[in-house]
Amino acid sequence: MIIPLEIKSCKECPHFHEERMYTSDSWEMTFGWFCKKADDRKIKGYVERYEERKIQIPEWCPFQTALSRYTEKLGQDPDDDIYTIEEWNIAVEDGWIGNSDGRGYWVKDGFASRDEVFSTPQLDATHVIWYNK
Ligand code: SF4
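Just so you know, we're using the working numbering here: the sequence shown kicks off at 1017 and counts up by one.
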C-alpha cells in the first residue's frame, strides 16, 4: 500500500537524517542535514535549531524531480510503443532505433515526461514511449 505524504520540511520526510556537526564553540549545537534517498547528499550543513523552519526542500529532491518531470498521463493509443529501459537500451545499442527514426520520451508510473530520450538523461525513468516517424 502506498500512502501519499505531504511535507513542508525535509525533517518530516522518512528519508531525512541529521548528524551533529561540531564547531570551535563547544556550546554550539549544529547539525548536518542529509538525504538518504539521494545517497546521503547534504541538504545543509551547520543547521541550528532556530533556523530549521527556514530551510526549504532542495530542488534536487528525488521526489520533487519525479513529480515535476512526469506530467503527461499515458493514453491507450495502440500506435504508441512502450519499452522497458532494458528493451530500449538493447534497441538503441543494436541499432533498431536511432535518433532520426522518430521521437521518444522517458516514462515512469504511467506518466511520460517531455524530456526527449536522445537529448536528456534517463534518471529514474523505467520506460520509454516511442513514436516512429
Ligand atoms: S530531499 Fe526530498 S527525499 Fe530527501 S529528505 Fe528532503 S524531502 Fe526527503
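Glycine residues also receive a C-beta, built at the ideal position from the N, C-alpha and C atoms.
| request: Report yes if the CB atom of glycine 1118 is closer than 8 Å to the CB atom of tryptophan 1146, and no otherwise. | output: Contact: yes.
| DSSP on aspartate 1131, reduced to helix/strand/coil? | Strand at aspartate 1131.
| field | Exposed unless 16 or more other CB atoms sit within 10 angstroms - verdict on tyrosine 1062 | value | The residue is exposed, with fewer than 16 neighbouring Cβ atoms inside 10 Å.
| said: Applying the 10 Å Cβ sphere with the 16-neighbour rule, what's the burial state of glycine 1114? | reply: If you draw a 10 Å sphere on the C-beta of glycine 1114, you find fewer than 16 other C-beta atoms in it, and that means exposed.
| task | Give a single yes or no on whether isoleucine 1073 has its beta carbon closer than 7 Å to a heavy atom of ligand 1. | result | At a threshold of 7 Å, isoleucine 1073 counts as near ligand 1, since its beta carbon sits closer than that to one of the ligand's heavy atoms.
| Relative to ligand 1, is the shortest distance from any of its heavy atoms to the C-beta of phenylalanine 1047 smaller than 7 Å? | No, Cβ of phenylalanine 1047 sits at least 7 Å from all heavy atoms of ligand 1.
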